[in-house]
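Q: Okay, handing you the structure first.
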Amino acid sequence: MSLVATLLGTAMIAAGVGFLLFAALGLWRLPDTLSRLHALTKADTAGLALVALGAACLSDTPAALLPLGLCALLVAVSGATIGHLIARRLMRRPAA
Amino acid sequence: MSPVVLFDAALALGVLGCAALALTLRDRTGTVAAFMLTGLLVALSWLRLGAPDVALAEAAIGAGLTGALFLRGARRLGPLRARPPAPAQAAAAALGAAVLSAALLWAFATAPAESLYPPRVAAALEDSGVSNPVTAVLLNFRAWDTLLEIAVLVVALLLVMTLSPPRVIPDKLGALVQPFARIVVPVAVLVAGHLLWQGAEAPGGAFQAGAVLAGAGLALVLGGVRVDRRVLRRALTALALAGLAVFTLAALASQAVTGALLGYPDGQAKAWIIAIEGALTLSIAATLCLLFTGYGRRSAR
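Residue numbers (the numbering used here), protein chains in the order written: chain A, 1 to 96; chain B, 1 to 301.
What follows is the structure, encoded as structure tokens:
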């Protein structure tokens, strides 16, 4: 494995973990549900995609690309859908 | 301390913390969420213990589908009204848990270091028709146990039929759910097929594949596919019962052919195992879906 790929992979995984940490921080510190969703869904998807990309750079076999890509895709799709459902539910509920 | 030890320690603390949350939160949805999180962390622990088969089953059935069943039940039961248990009750429960933990610790500490089974399984793996020792045990050496497990699933389904809890007719989930199902359901079907096939040489098998397929079924149900059509429900029920029927027929047939119950003919073990596992996958998926949707006539939202 080339040095470039290793460095690139490690950097991307570190950046991805940073995104995920900020998502967690946002979930913890932001005041209301909509802003929490905003922090969580975007940072979450980007973070996991970066981790998957980094892992793809670090892996030796091209066969690892398929499960990694599938992971990123499924998390992106389900994250977007669930964020939409939560926000929709929130908007429809009469103000309490 | 090495990073791996740190990770394991964080994992163990996470499992305990989530379990404590699941027991102490005063909100049903919250407790179910904590329970599912516990299941996911437990699955991760199984992976760290080198048992990916158990990890897959725990993640799919223990965390995912059981969580969905719990959420469904929580919806029917309504908000939590009972008061927290009295201190004496809590103390008694804690004492019982402590005694059980001590007994388990004692059992593990005094058990012989080497398990008896792995060498025997490894020695007979050649003749089992598969190269994954877990599948060899489940579908060949101890297939009788698996047959009874499937019977337990059928009994659970019969109980649901008899009690007929209100059917789930989910709220309309809106525009984004159909595109979601369009991606997730085909992928889930492919993954289930892959898990079933690779069960022969790597972690996977009928239970995991069935659970993934059932997840796809639930996505369809929640996406608005009407399960209250009588034809569909009958077909699913027939499919759910077919697993036990095929397995029992295979047991009787093997008895007739080789003289041993579930002793497969020499050299054909793989074909028998794949036939049984294929039927079991569909049957487990149908059973889990029906356990979720229920049979009752009245409807619940």
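Every residue gets a Cβ at the ideal spot worked out from N, C-alpha and C, and that includes glycine.
All figures in this text were calculated on a predicted structure; none of them were measured in a lab.
Would you identify the three-state DSSP class for B:P52, choosing helix, strand or coil?
A: Counted from its first residue, the second sequence places residue 52 of chain B at position 52. In the structure shown, B:P52 sits in a helix (DSSP, three-state: H, G or I).
Q: Report the start-end ranges of each alpha helix (DSSP H) in the stretch 97-146 of chain B that is 4 residues or longer and not cut off at the edges.
A: Listed in chain order, the complete alpha helix (DSSP H) runs (minimum 4 residues) inside the stretch 97-146 of chain B are 117-124, 133-136.
Q: Rounding to the nearest angstrom, what Cα-Cα distance links B:A33 and B:A59 in this structure?
A: Indexing the second sequence from 1 puts residue 33 of chain B at position 33. Indexing the second sequence from 1 puts residue 59 of chain B at position 59. For B:A33 and B:A59, the distance between alpha carbons rounds to 14 Å.
Q: Assuming B:A74 and B:T29 are in contact, meaning their beta carbons sit under 8 Å apart, how far apart are those beta carbons, in whole angstroms?
A: Here residue 74 of chain B is taken as the residue at index 74 of the second sequence, counted from 1. Here residue 29 of chain B is taken as the residue at index 29 of the second sequence, counted from 1. At roughly 6 Å, the Cβ-Cβ gap stays under 8 Å, so B:A74 and B:T29 are in contact.
Q: Which value, in whole angstroms, describes the spacing of the CA atoms of B:R301 and B:R81?
A: Here residue 301 of chain B is taken as the residue at index 301 of the second sequence, counted from 1. Here residue 81 of chain B is taken as the residue at index 81 of the second sequence, counted from 1. Only weak support is given to the placement of B:R301: the predicted model assigns it a pLDDT of 45, under 50, and the question is left unresolved by the model.
Q: Pairing CB atoms from the stretch 197-207 of chain B with CB atoms from the stretch 129-144 of chain B, are three or more of them under 8 Å?
A: Counting Cβ pairs under 8 Å, three or more are found: they touch.
Q: Under 9 Å Cβ-Cβ, which residues of chain B neighbour A:L85?
A: The residue given as residue 85 of chain A occupies position 85 in the first sequence. By Cβ distance, chain B contributes L173, G174, L176, V177.
Q: I need the boundaries of the alpha helix (DSSP H) containing A:S78, first residue and last residue.
A: If you number the first sequence from 1, residue 78 of chain A lands on position 78. Unbroken alpha helix (DSSP H) run through A:S78: 65-92.
Q: Just tell me which of B:Y264, B:L213, B:V177, B:S283 has its CA closest to the CA of B:G143.
A: Here residue 143 of chain B is taken as the residue at index 143 of the second sequence, counted from 1. The residue you asked about is not Gly; residue 143 of chain B is Ala in the sequence shown. Closest by alpha carbon: B:Y264.
Q: According to the neighbour-count rule (16 or more other Cβ atoms, all chains shown, within 10 Å of its Cβ), is B:R120 buried or exposed?
A: As a first step, residue 120 of chain B must be located in the second sequence, where it is residue number 120. With fewer than 16 other Cβ atoms within 10 Å, it is exposed.
Q: Would you say B:V184 lies against chain A (beta-carbon separation less than 9 Å)?
A: In the second sequence, counting from the first residue as 1, residue 184 of chain B sits at position 184. For B:V184, the answer is yes, since a Cβ of chain A falls inside 9 Å of its Cβ.
Q: Mind pulling the chain B residues with CB within less than 8 Å of A:T61?
A: Here the question's residue 61 of chain A lines up with position 61 in the first sequence. Chain B residues near A:T61: none, gap ~15 Å exceeds 8 Å.
Q: Short check: CB of B:M36 to CB of B:A12, under 9 Å?
A: The residue you call residue 36 of chain B lines up with position 36 of the second sequence. The residue you call residue 12 of chain B lines up with position 12 of the second sequence. Result no, Cβ atoms of B:M36 and B:A12 do not sit closer than 9 Å.
Q: Looking at chain A, is there any beta carbon in it that lies within less than 9 Å of the beta carbon of B:A86?
A: Residue 86 of chain B sits at position 86 when you count from the first residue of the second sequence. Chain A, which has no Cβ nearer than 9 Å to the Cβ of B:A86, makes this no.
Q: At what residues does the alpha helix (DSSP H) containing B:L190 begin and finish?
A: Within the second sequence, residue 190 of chain B is the residue found at index 190, counting from 1. Taken as a continuous stretch (DSSP letters only), the alpha helix (DSSP H) holding B:L190 covers 177-198.
Q: Please report how far the alpha carbon of B:G294 lies from the alpha carbon of B:D8, in whole angstroms.
A: Residue 294 of chain B sits at position 294 when you count from the first residue of the second sequence. Residue 8 of chain B sits at position 8 when you count from the first residue of the second sequence. Distance between the alpha carbons of B:G294 and B:D8 is about 39 Å.
Q: Going by DSSP in three states, B:E201 sits in which element: helix, strand or coil?
A: On the second sequence, position 201 is the one that residue 201 of chain B refers to. Three-state DSSP puts B:E201 in coil, outside helix and strand.
Q: Suppose you measure from the CA of A:A49 to the CA of A:A72; what does that come to, to the nearest Å?
A: Here residue 49 of chain A corresponds to residue number 49 of the first sequence, with the count starting at 1. Here residue 72 of chain A corresponds to residue number 72 of the first sequence, with the count starting at 1. The alpha-carbon atoms of A:A49 and A:A72 are separated by roughly 5 Å.
Q: Is the beta carbon of B:T38 less than 9 Å from the beta carbon of B:V15?
A: Locating residue 38 of chain B in the second sequence gives position 38, where the first residue counts as 1. Locating residue 15 of chain B in the second sequence gives position 15, where the first residue counts as 1. Yes; because the gap between Cβ atoms is below 9 Å, this pair is in contact.
Q: Per DSSP, what kind of secondary structure is B:Q89 in: helix, strand or coil?
A: Stepping through the second sequence from its first residue, residue 89 of chain B is reached at position 89. Residue state, collapsed to three classes: helix.
Q: If you compare alpha carbons, which of A:G69, A:L8, A:L66, A:A39 is closest to A:A80?
A: By 1-based counting over the first sequence, the position of residue 80 of chain A is 80. Looking at the Cα atoms, A:A39 is the closest of the given residues.
Q: Please go through the same chain and pick out, in chain order, the residues whose beta-carbon is closer than 8 Å to the beta-carbon of B:L41, but skip the five residues on each side of it.
A: Start at 1 with the first residue of the second sequence, and residue 41 of chain B comes out as number 41. Once the five neighbours on either side are set aside, the close Cβ partners of B:L41 are L11, G14, V15, C18.
Q: How far does the alpha helix (DSSP H) with B:G62 in it extend, from its first residue to its last?
A: Translated into positions along the second sequence, residue 62 of chain B becomes position 62. Where B:G62 is concerned, there is no enclosing alpha helix (DSSP H), given that its DSSP letter is neither H nor E.
Q: List, in order along the chain, the chain B residues whose C-beta lies closer than 7 Å to that of A:L27?
A: As a working mapping, residue 27 of chain A is identified with position 27 in the first sequence. Correct list: empty, because the minimum Cβ distance to chain B is about 13 Å.
Q: With a cut-off of 9 Å, does the C-beta of A:A96 fall near any C-beta of chain B?
A: If you number the first sequence from 1, residue 96 of chain A lands on position 96. At A:A96, the pLDDT of 46 sits below 50, so the modelled position is not reliable; the number obtained from the coordinates is stated separately. No, because no Cβ of chain B sits closer than 9 Å to the Cβ of A:A96.
Q: Could you tell me whether any Cβ in chain B is nearer than 9 Å to the Cβ of A:V75?
A: Mapped onto the first sequence, residue 75 of chain A falls at position 75. So, not an interface residue.
Q: If you measure from the beta carbon of B:F180 to each beta carbon in chain A, is any gap under 9 Å?
A: Translated into positions along the second sequence, residue 180 of chain B becomes position 180. Chain A, which has a Cβ nearer than 9 Å to the Cβ of B:F180, makes this yes.
Q: Assign B:V15 to one of three DSSP states: helix, strand, or coil.
A: Counted from its first residue, the second sequence places residue 15 of chain B at position 15. DSSP places B:V15 in helix when its eight states are reduced to three.
Q: Consult DSSP for B:R75 and reduce its assignment to one of helix, strand or coil.
A: The sequence position of residue 75 of chain B within the second sequence is 75, counting from 1. In the structure shown, B:R75 sits in a helix (DSSP, three-state: H, G or I).
Q: Residues in the stretch 33-46 of chain A with C-beta within 7 Å of chain B's C-beta atoms, listed in sequence order?
A: Of all residues in the stretch 33-46 of chain A, none has a Cβ within less than 7 Å of some Cβ in chain B.
Q: Output yes if chain A places a C-beta closer than 9 Å to the C-beta of B:V32; else output no.
A: To locate residue 32 of chain B, count along the second sequence from 1; it is residue 32. No - not a single Cβ of chain A is within 9 Å of the one on B:V32.
Q: In angstroms, rounded to a whole number, what distance separates the CA positions of A:R29 and A:F22?
A: Your numbering for residue 29 of chain A matches position 29 in the first sequence. Your numbering for residue 22 of chain A matches position 22 in the first sequence. Rounded to the nearest angstrom, the two C-alpha atoms are 10 Å apart.
Q: Within the 9 Å Cβ cut-off, does A:S78 reach chain B?
A: By one-based count along the first sequence, residue 78 of chain A stands at place 78. Chain B contact via Cβ: present.
Q: So B:L218 packs on B:V189, CB below 8 Å; how close in whole Å?
A: Position 218 of the second sequence holds residue 218 of chain B. Position 189 of the second sequence holds residue 189 of chain B. B:L218 to B:V189, Cβ: 13 Å. No contact.
Q: Taking C-beta to C-beta, are B:V185 and B:A216 nearer than 9 Å?
A: The residue you call residue 185 of chain B lines up with position 185 of the second sequence. The residue you call residue 216 of chain B lines up with position 216 of the second sequence. A contact, by the Cβ cut-off of 9 Å.
Q: Mind checking if B:V212 is an interface residue toward chain A, Cβ cutoff 9 Å exclusive?
A: For the purposes of this step, residue 212 of chain B is taken as the residue at position 212 of the second sequence. By this cut-off, B:V212 is not an interface position.
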